[in-house]
Amino acid sequence: MKLIKAEFKKSLIEAASYYPDYIVGILTDLLLLVIVMNTEGEQEEKLFAYVLWILVNGVLSEASLCISTEKQQGTLQNLMIKPYSIMQIISVKTLVWFLLNSVKACICIGIASLFIKLTFRFEYFYIVVLVCFGCMGISYILSALTLIFTKMASFVNIVGYLFLFLSGSILSLPEYLNYTNPLSAGSHFYARMIHHTASVKDFFILMMLCAVYFFVGKEIFAFVFRRSKQFKWTY
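Below, the structure written as structure tokens:
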């Protein structure tokens, strides 16, 4: 709990210090929202996929950016001697920025609700939690790559926008891509839910996919971190 409070306070200070970047991020998300709302397809379905991407994008990037920053400042070793493990630190940082990105998501939902009729069900919350849980595994994999190649963090934004398309919010996904990652699977499950075609089997597949991504990603990060001193780290 102390770690969460400390990181939350630190992140708020950072957001306040670099508020122009946060504002630009919100404006960019709103411009993309306009594009999403003007694409073909079910608007509510597209909106959910887009909001899900906003939340996932923060989950994907924060851990990798944290590792990259610490490496470039030469303070990564300090993380290894803190009372909390590096896994706990980057996980909490990701959680905090997930909460901050939730503000942007709520703004987008509020604006979209002025133009389209939205329905809210508590089941949607489960989808968000599961998808972000699974995408945390992808974040661990990106962090593992950043441990070896610092500049990998520079490509995180590209990965984020790739997932924008994989969310299905802009372009309809081919069926064979629906279960390639947690975000696509979550968007697909939501589409089936609002059309009343979702089954327990579909939910089980989504849950298992997200769990596999999370635990595999976590193990990959732990494996790379344990052997990090064997690598010739690049800065």
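170 is the number of the first residue of the sequence shown in our numbering; add one for each residue after it. Virtual Cβ for every residue (Gly too), placed ideally from N, Cα, C. Predicted, not measured: the structure shown is a model, and the values here were computed from it.
- For Phe-334, the three-state secondary structure derived from DSSP is helix.
- Annotated three-state conformation of Phe-318 is strand, per DSSP.
- Contact check for Leu-352 and Leu-181: beta-carbon distance about 27 Å, past the 8 Å limit, so the pair fails to qualify.
- Short of 7 Å from the beta carbon of Ile-339, and not among the five residues preceding or following it, lie these beta carbons of its own chain, in chain order: Ile-204, Val-205, Thr-208 and Leu-333.
- Contact between Tyr-293 and Ala-232 fails: their C-beta atoms lie close to 25 Å from each other, not under 8 Å.
- Lys-262 is the residue among Ala-380, Lys-370 and Lys-262 whose C-alpha sits nearest the C-alpha of Ile-236.
- Three or more beta-carbon pairs separated by less than 8 Å are not found between the segment 195-202 and the segment 293-303, which leaves the two stretches without contact.
- For the pair Glu-213 and Phe-390, the Cα-to-Cα distance works out to about 36 Å.
- The alpha-carbon of Ile-173 is positioned some 25 Å away from that of Asn-326.
- For the 7 Å CB-CB criterion, Ser-356 and Ser-341 do not form a contact.
- If you draw a straight line from the Cα of Ala-274 to the Cα of Ile-296, it comes to about 15 Å.
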